[in-house]
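Q: Just passing along the structure, written as structure tokens.
There are 2 protein chains.
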Amino acid sequence: MAPGPFIQIPSDLKPAGLNGPEQLAIERRKASFDVGQMTEYLYGKEYLERQAQLVELLSKDPALDKSGLNYMGRVEKFRAALKKDKRLAVLAREHNWDSNTIAHAEKLCDLPGPFGLHKSMFLTTLERMGTPEQQEAFLEPARRFDIIGCYAQTELGHGSNVQFLETTATYDEEAKEYEIHSPSLTASKWWIGGLGRSATHAIVMAQLVLKGKSYGPHPFVVPIRDPKTREMLPGCTIGDIGPKQGYQTTDNGFLLLDHVRVPHFNQLAKFAKVDLDTAVYVPPQNAALTYGTLTWVRANIVQDARTILMRSATVAIRYCSIRRQFADRDAPVFSASGKKVESQVLDYTMVQARIFPVLAKAFAFHYTALYMFQLYQENVSLIDNKDLSLLAETHASSSGLKALTTIEAAEAIETCRRACGGHGFSLASGLSSLYNDYLPNVTWEGDSYMLSQQTSRYLLKTMRSLYKDLEGPPKSFTVDYMRSYLRDPNAKATIEFSGDLMDPIFFIKAFGHRAAWLVKETLELRDGPAKRSWNSLLIELYKCSKAHSQALIVYNFSMAILKDEALNSRPALRTVMQHLLLLYCAHTMHEEGAEFMSSGYITPKQYSLLSAKIQEAMHSIRPQAVSLVDSFAIPDWLLNSDLGSSKGDVYERLFEHAVRDPLNSTKWNVDIDSDVLDMDGTLPQSKL
Amino acid sequence: MAPGPFIQIPSDLKPAGLNGPEQLAIERRKASFDVGQMTEYLYGKEYLERQAQLVELLSKDPALDKSGLNYMGRVEKFRAALKKDKRLAVLAREHNWDSNTIAHAEKLCDLPGPFGLHKSMFLTTLERMGTPEQQEAFLEPARRFDIIGCYAQTELGHGSNVQFLETTATYDEEAKEYEIHSPSLTASKWWIGGLGRSATHAIVMAQLVLKGKSYGPHPFVVPIRDPKTREMLPGCTIGDIGPKQGYQTTDNGFLLLDHVRVPHFNQLAKFAKVDLDTAVYVPPQNAALTYGTLTWVRANIVQDARTILMRSATVAIRYCSIRRQFADRDAPVFSASGKKVESQVLDYTMVQARIFPVLAKAFAFHYTALYMFQLYQENVSLIDNKDLSLLAETHASSSGLKALTTIEAAEAIETCRRACGGHGFSLASGLSSLYNDYLPNVTWEGDSYMLSQQTSRYLLKTMRSLYKDLEGPPKSFTVDYMRSYLRDPNAKATIEFSGDLMDPIFFIKAFGHRAAWLVKETLELRDGPAKRSWNSLLIELYKCSKAHSQALIVYNFSMAILKDEALNSRPALRTVMQHLLLLYCAHTMHEEGAEFMSSGYITPKQYSLLSAKIQEAMHSIRPQAVSLVDSFAIPDWLLNSDLGSSKGDVYERLFEHAVRDPLNSTKWNVDIDSDVLDMDGTLPQSKL
Ligand SMILES: Cc1cc2nc3c(=O)[nH]c(=O)nc-3n(C[C@H](O)[C@H](O)[C@H](O)COP(=O)(O)OP(=O)(O)OC[C@H]3O[C@@H](n4cnc5c(N)ncnc54)[C@H](O)[C@@H]3O)c2cc1C
Ligand SMILES: Cc1cc2nc3c(=O)[nH]c(=O)nc-3n(C[C@H](O)[C@H](O)[C@H](O)COP(=O)(O)OP(=O)(O)OC[C@H]3O[C@@H](n4cnc5c(N)ncnc54)[C@H](O)[C@@H]3O)c2cc1C
């Protein structure tokens, strides 16, 4: 529960002018489509029903209360998150939730907690890499929360380069045991979610050493804490790694292992293993499956990025339609009493130019997330039939999309926060914590600035194979746009007026052409006479990956407009979606204009048409904006924003948020010659 | 003091491989210039001596200790900041510090506190706008800290649009008093630094109402709290506005005034006033002086942005030269023992492309800050002689620069934080708190997205006057580049090879041409047949302001290379500075490439030369990088970063930071069926 209130506000005071709820009501009446229909189109009935039930249940549960979070320090936040994680586990057991419901409840609570990695990486790694016996031994108790696990891969000295991890697991043939050891300070496991104060077990990635030879990193289940006494087990030095920019509710931890022994059984042996009798290394049969899971993880990342955009846009658009500042210079409006009326700040084109692209991008990412889930499914069925033909393409695209969508989602939160002016800086905006908690997404699961190399490596390879045989490689998204390009590398856009910028096909072609052109240019530097080193090309490679990912997003969004039956049968939805598509495409093309012009595909004159198109699209979207974010159906309980709540009582809520601050519970002594600080002794004194 | 340590780390463990200090020593030997000489060139002896003395004094003062800050919640942080502000006040009195020393000490402490606005806006407003009698009554006690003040302009409902503030100050001719009143909830003062829990007095900006007529916002000194009892005075409802993304150490507050009366004397009357006897309004004589101060404030903002870039680059460059990840793909290096050696991540061109522009920009902003201070001085002497000719130019440029430099500095912190990979997310990086505390700079002192309209208005006006009479307007930075453009609007760059991109004059011309072209295009839309509304042009206007500001920065940086005697007499410094200039110019031109091409000044082919130039400049700067950030002479005590400290013992420090986290002081119960959370009862329980 939120503390306070510590100060009484005169109850007769109201906000001046039109109040927030009235303002939003006016906005909502402007929509040219049905919000409920859009919501259902986006999510489907099942999802929405589950969401409604969960919000009803969770938002009333005292253990899951969010109202005090903004006032808490690290220790209190961690307490709250542990409480929440325990409660969610109990609820899941009580209600017998399936995995979708568990995941949905987790997202609605939106509080990364100490069991987060237990429920994700610990369970899935056991599922994926454990033998049936190992699953019985570890997965079953883990599902019951009898043991709490974490996934300990990263070390103090190594994150990205997993091959160079220092922790060793040396097999003792005699004892049939592994000795797990941290040979140096930098070998300490580090950043491991749930390890710091919670986990009883860690899946430790360690260099498998057999008869003096190293076989690279392998996963081992290592008990680290006594589940009852909570003491560290012998040889383990464990702790929380300390305060962070966000994720304060999680105990990311470190772990030093001093010749800790685990039985042969504890090496997760579904793929690679060491034979118990002969102590011979048995390599994995097929690494392809690993990539399968990776695609699934990344499809989720793209979808989460979409949700981040939705949340950010919801806050900024609702608040900016309530906020007023300045009367219009050219065409001032006057109230009945003859006073100048100020404009809603959402009417300023400079505000629109900052936040409407976020809105449009939310839809763009939505379609690409759907595409990724589809691709994942296809891929899985193919792999089941030993067909690996989709694997490389899927892996490349998912890497590039992970990089692009996480970077853009992080940026979008900040853009929307700033659009709220001063009040955006209050934790009451709901965007500050969102930003600080979202940031690690850019770095983990493959640092986004590094990861794109995987995409580009595939792009170069594909172009090389097309050089050898233009008609050879089978159809795929990448092959298709590269082949088009190579057939007509000097193709030019034919647009003449901004009105020509209507056709999704134009954008599909243009984005494909630019991506292929970049790859061709880079390949020339790499394979041509210059033979440039890989390292010297990293900037170019990054651009290739970005261009490819944008082409894919443009393609998926356009395809919805062109082919999605569910959309096309609802003209009201399709119309507004078309504006969003055009805004997304024209805005992205404008941002990346230098590359489009460099490639020769568009001329400076054609480029200048984009501004008019963007303006036009923003103008069309303006009256739909509040209803569009309404259609995202982000529950107020999840949004947790005084600026963005669906009711719109912004100013009343800001006061409510203020008067509960514990700083207001005491008086403070400002006499510079006195040592007294807080005067009333009501605030807890930390002894630490 | 930092708490803990709560966990013992085996003392014999060392980081693997080359340790940080050795690594930095190697880097430092690579420099082709003398660090001390560069430092002195940048700051001058006096500044450096003062800094050394202050760091010696302050860093040893227990009241100013920073080591525990990262572990504190809001309440503890506020306590620490109040303690620090009191201590600084006492030290200033004890040592009889002049204003430069006070400001320097404040910057080194780097902890926004409850007296921040007292020491800045409260004192300067009294100095600037108070009569001698008012200064005696308010300024003198304020300087002694007998009263604590704040500057209460912004309201809950209005920040940017000061003209629409709701608070009224109605003059009662009879009583010779003003009645200050908040007529609505949104009229509440809001965001006011130091108001929440500290201030005894507020300078309240309120609509002056005289005989029923409103004369716009004027400043009033309003006593709000009893200095002794600390109780709110009758009619005042005051509180802290609650937790924020940063600035947690400051009590930004709200204030509702219920018909509060102050004597006629309390209206700050140096400029505008109400005659005591006749109750007639006497308007201000000359508003020009206000703009003078504004320029000074903004010159400081540009300089602060420079320091932010310096700090960010220092952390990222030192850490990335210690951090190693992956062996080089094309040319692996092997150690004596035959093992592959990993590359310093600073060697990856993709890392360089992210952080070297920040390094170069620090120098770029440095020169422009110097220019702004000069301009301010010139302007002041001119105004003293009633010459207002520099005023408009100065105001316009300073507005644009405020917008540009704050936005880019905020971005730079985040860029450098991300470049540090996972560890960048730890508060130990020193960059997270820096970011969250710096952010308001984008919003206050004129929201940066809105403020640039002031610049563009001037740019349009200047171009209009040149249209009327090309030779008429007297020389100024703006007139010069516009006139050049108008004389030869179809001018084209003549570069052919990346080697041609050497000449600062080329960049000066190019940036001027592009800025003028944008202004011309925008003016055509505004004044031409389309007669576009101001609002519909905000995006274009923003671009004009940005282009103008970049042209100015390029100009000032180039001029140093071309004309600065102090630099040119030290060839070693000049050489490295030239690389930095080229990187700044080429990188900025590349980023803004679409506009340069659109304007027709450069062709796509010429554009493509920039990449090679950037690569070349980065290559030249690489061996100088650590020494360049050393030359910034940011004291470790200010930097407060375990990743960026001058010694380089990164991994040892990260452990030290970890083991002191209070979360580690107790055991935590993870049994989902138990209500117990922390088990040992050592952590304070907040009752709030
Ligand atoms: C909040 C949080 C939670 C985490 N939880 C877990 C967890 O539960 N379990 C776990 O095992 N790990 C976890 N991690 C660790 C995370 O996976 C790593 O931080 C991440 O993989 C990045 O690795 P790094 O920190 O070593 O960065 P580095 O690789 O050291 O990156 C440093 C810089 O070098 C650059 N760089 C590195 N290699 C290259 C290259 N080849 N080319 C170009 N540039 C390069 C990067 O872009 C970056 O700018 C977590 C991290 C965070 C922040
Ligand atoms: C940490 C902090 C400390 C502060 N301390 C003080 C203090 O001590 N004293 C004090 O008086 N104030 C203080 N302020 C308030 C600060 O000055 C205002 O927040 C700032 O001026 C912005 O005004 P606003 O919040 O009303 O934003 P708004 O003007 O409401 O901005 C909302 C959005 O509208 C846009 N917008 C507004 N007008 C236009 C336009 N004409 N054209 C285009 N776009 C427009 C903005 O760009 C923004 O995106 C502080 C603020 C912060 C965050």
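Quick mapping for you: the protein sequence lines, in order, are chains A and B. The first sequence lines up with residues 1 to 688 when you count with UniProt numbering. The second sequence lines up with residues 1 to 688 when you count with UniProt numbering. A virtual CB, placed ideally from N, CA and C, is assigned to each residue, including glycine.
Are the beta-carbon atoms belonging to Ala362(A) and Ala313(A) less than 8 Å from one another?
A: Yes; because the gap between Cβ atoms is below 8 Å, this pair is in contact.
Q: Regarding Arg323(A) and ligand 2, is the C-beta to nearest heavy atom distance less than 7 Å?
A: Correct: Arg323(A) has its Cβ closer than 7 Å to ligand 2.
Q: So, with DSSP's three-state summary, where would you put Val358(B)?
A: Here Val358(B) sits in helix by DSSP.
Q: In the DSSP output, which residue or residues are listed as bridge partners for Gln303(A)?
A: DSSP lists no partner for Gln303(A).
Q: If you reduce the DSSP assignment to three classes, tell me which class Met502(A) lands in.
A: Met502(A) falls in the coil class under three-state DSSP.
Q: Can you list, in chain order, the residues of its chain whose CB lies under 7 Å from that of Leu583(A), leaving out five sequence neighbours each side?
A: If we look at Leu583(A) and ignore the five residues flanking it on each side, its Cβ neighbours are Phe356, Pro357, Ala360, Ile614, Ala617, Met618, Ile621.
Q: Quick check: Thr405(B) and Ala547(B), are their CB atoms within less than 8 Å of each other?
A: No.
Q: Do the segment 552-560 of chain A and the segment 548-562 of chain B meet, that is, are 3 or more Cβ pairs less than 8 Å apart?
A: The segment 552-560 of chain A is not in contact with the segment 548-562 of chain B.
Q: Alpha carbon to alpha carbon, how far is Gly113(B) from Gly194(B)? Give it in angstroms, no decimals.
A: Cα-Cα distance, rounded: 8 Å.
Q: Thinking just about the alpha-carbon of each residue, which of Lys492(B), Asp503(B), Lys66(B) is nearest to the one in Lys83(B)?
A: Closest option to Lys83(B), Cα to Cα, is Lys66(B).
Q: Applying the 10 Å Cβ sphere with the 16-neighbour rule, what's the burial state of Gln245(B)?
A: Gln245(B) is buried by the Cβ-count criterion.
Q: Taking contact to mean 3 or more Cβ pairs, one atom from each stretch, closer than 8 Å, check whether the segment 97-105 of chain B and the segment 54-74 of chain B are in contact.
A: Short answer: they touch.
Q: Please state if the CB of Gly512(A) and the CB of Ser484(A) are separated by a distance shorter than 8 Å.
A: Going by C-beta atoms, Ser484(A) is nearer than 8 Å to Gly512(A).
Q: Given a limit of 7 Å on CB to CB distance, which residues of the segment 296-323 of chain A reach chain B?
A: From the segment 296-323 of chain A, no residue has a Cβ closer than 7 Å to chain B.
Q: What distance in whole Å lies between the Cβ atoms of Ile148(B) and Val670(A), which are believed to be in contact at a cut-off of 8 Å?
A: Between Ile148(B) and Val670(A) the Cβ distance is about 5 Å, and since that is below 8 Å, they are a contact.
Q: Using 8 Å for Cβ pairs, my map puts Ala410(A) next to Tyr438(A). What's the rounded Cβ distance?
A: About 6 Å; that satisfies the 8 Å criterion.
Q: Taking C-beta pairs closer than 8 Å, name the residues in chain B that Ala572(A) reaches, listed in chain order.
A: Those do not exist, as Ala572(A) stays about 27 Å from chain B at its closest Cβ, beyond 8 Å.
Q: Spatial neighbours of Gly235(A) within its chain, please: C-beta separation below 7 Å, excluding the five flanking residues on both sides.
A: Excluding sequence neighbours, Gly235(A) sits near Leu257, Asp258, His259, Val260.
Q: By a C-beta neighbour count over all protein chains shown, 10 Å radius and 16 as the cutoff for buried, is Lys77(B) buried or exposed?
A: Buried: at least 16 other Cβ atoms inside 10 Å.
Q: Can you tell me whether Ala152(A) sits near ligand 1, meaning its C-beta is under 7 Å from at least one heavy atom of the ligand?
A: Under cutoff, so the answer is yes.
Q: In terms of residues, what are the limits of the alpha helix (DSSP H) holding Cys420(B)?
A: Element bounds for Cys420(B): n/a, residue is neither H nor E.
Q: Can you list, in chain order, the stretches of the alpha helix (DSSP H) that have 4 or more residues and sit fully within the segment 194-253 of chain A?
A: For the segment 194-253 of chain A, not a single whole alpha helix (DSSP H) run of length 4 or above is found.
Q: With the cut-off set at 8 Å, would you say Leu562(A) and Pro504(A) are in Cβ contact?
A: Taking 8 Å as the Cβ cut-off, Leu562(A) and Pro504(A) qualify as a contacting pair.
Q: Strictly under 8 Å for the Cβ-Cβ distance: is Glu166(A) near chain B by that measure?
A: Chain B contact via Cβ: present.
Q: Where does the unbroken beta strand (DSSP E) through Pro263(A) begin, and where does it stop?
A: It spans 260-263 - the beta strand (DSSP E) in which Pro263(A) sits, taken as one unbroken run.
Q: Excluding sequence positions up to five away, which residues of its chain have a Cβ less than 7 Å from the Cβ of Lys273(B)?
A: Here the set comprises Gln267, Val282.
Q: Leaving out the 5 sequence neighbours to the left and right, which residues in its chain are closer than 7 Å to Gly424(B) when beta-carbon positions are compared?
A: Cβ neighbours of Gly424(B) beyond the five flanking positions: Arg417, Arg418, Leu431.
Q: Under 7 Å Cβ-Cβ, which residues of chain A neighbour Trp191(B)?
A: Gly422, listed in chain order.
Q: Hey, is Arg532(A) close to ligand 1, as in C-beta under 7 Å from one of its heavy atoms?
A: For ligand 1, not one heavy atom lies less than 7 Å from the Cβ of Arg532(A).
Q: Going straight from the alpha carbon of Asp12(A) to that of Tyr449(B), what length do you get?
A: Near 36 Å, if we compare the C-alpha coordinates of Tyr449(B) and Asp12(A).
Q: Compare the C-alpha of Leu346(B) against each of Gln454(B), Leu390(B), Pro623(B) and name the closest.
A: Answer by Cα proximity: Pro623(B).
Q: Can you give me the C-alpha to C-alpha distance between Thr186(A) and Cys150(A), rounded to a whole angstrom?
A: The straight-line gap from Cα to Cα measures roughly 19 Å.
Q: By the 10 Å Cβ neighbour count, where 16 or more other Cβ atoms means buried, how is Ser188(A) classified, buried or exposed?
A: Label assigned to Ser188(A): buried.
Q: Give the single residue among Thr278(B), Thr368(B), Leu294(B) whose Cα lies nearest to the Cα of Val380(B).
A: Comparing Cα positions, the closest option is Leu294(B).
Q: Are the C-beta of Val442(A) and some C-beta of chain B separated by less than 8 Å?
A: Answer yes: the Cβ-Cβ gap between Val442(A) and chain B drops below 8 Å somewhere.
Q: Answer yes or no: does any C-beta atom of chain A fall closer than 8 Å to that of Asp240(B)?
A: Chain A contact via Cβ: present.
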